[in-house]
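A.B. asks:
In the numbering used here, the protein residues as written are 2 to 190.
Next comes the structure, spelled out in structure tokens:
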């Protein structure tokens, strides 16, 4: 039996995002890519972060707008609306558009954090998405983050709801360029 329960529209924030959100600096701005109804925008806004969400759905943005600034854009068919901008954190869950991966990583500011979690190869055996276009291949997320310092990475099967994922928490080097995250970022709140 396959599990086809929707994951994208869940109202509670991802456990991965919550688990690694302590890596953000206290004043970090947050970009939530494909933000949907804003569950992660809400999580970060409630912790004092200025949140920006981008999505192509005006219905989704009507909800997420309660938690910060929203930008309606088709990031798959149009230009990247944040060219030249950097954020203290970039958050992506349950979304993959390979052509935008470099833009997403580039939007992470010095000392900033990338928190990314999405479906991986193998998910086609348990539900949707099942098209290879929407499933990361083994190690693909690690390769996309080659310019960042990986703090945590997981790849594999999650029981509830049944799905295969890759997820990463990674930090961009600070102004000193040491390649190491600032010590304050590694303290758990």
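From the three backbone atoms N, C-alpha and C, an ideal C-beta is built for every residue, glycine too.
Jot down the residue ranges of each uninterrupted beta strand (DSSP E) in the region 34-114, minimum 3 residues, whole runs only, in chain order.
C.D. replies: Runs found: 52-56, 70-73 and 88-94.
A.B. asks: Just mark residue 158 as buried or exposed, buried being the case when its beta carbon has 16 or more other beta carbons within 10 Å.
C.D. replies: Exposed, since its Cβ has fewer than 16 Cβ neighbours within 10 Å.
A.B. asks: To the nearest angstrom, report how far apart residue 140 and residue 64 are at their CA atoms.
C.D. replies: Spanning the two alpha carbons is a distance of roughly 34 angstroms.
A.B. asks: By the 10 Å Cβ neighbour count, where 16 or more other Cβ atoms means buried, how is residue 162 classified, buried or exposed?
C.D. replies: That one is exposed.
A.B. asks: What did DSSP end up calling residue 119 once you bin it into helix, strand or coil?
C.D. replies: In the structure shown, residue 119 sits in a strand (DSSP, three-state: E or B).
A.B. asks: In its own chain, which residues sit with a C-beta less than 7 angstroms from the C-beta of residue 117, not counting the 5 before and 5 after it?
C.D. replies: Within the same chain, residue 117 has close Cβ partners 93, 142, 168 and 169.
A.B. asks: Who does residue 32 pair with in a DSSP beta bridge?
C.D. replies: For residue 32, which the question treats as bridged, DSSP gives the partners 53 and 91.
A.B. asks: What whole-angstrom Cβ distance do residue 119 and residue 96 have, given they're in contact under 8 angstroms?
C.D. replies: Correct: roughly 6 angstroms between the Cβ atoms.
A.B. asks: Would you tell me roughly how many angstroms separate the C-alpha atoms of residue 91 and residue 126, rounded to the nearest one?
C.D. replies: Using only the alpha carbons, I get a separation of about 29 angstroms.
A.B. asks: Which ranges does the alpha helix (DSSP H) cover as unbroken runs of at least 4 residues, wholly within the region 121-181, from first to last along the chain?
C.D. replies: Qualifying alpha helix (DSSP H) stretches, in chain order: 141-145.
A.B. asks: Can you tell me whether residue 103 is buried or exposed, with buried defined as 16 or more other CB within 10 angstroms of its CB?
C.D. replies: Exposed.
A.B. asks: Looking only at its chain, what residues have a beta carbon closer than 7 angstroms to the beta carbon of residue 43, apart from the 5 residues adjacent to it on each side?
C.D. replies: Answer for residue 43: 68, listed in chain order.
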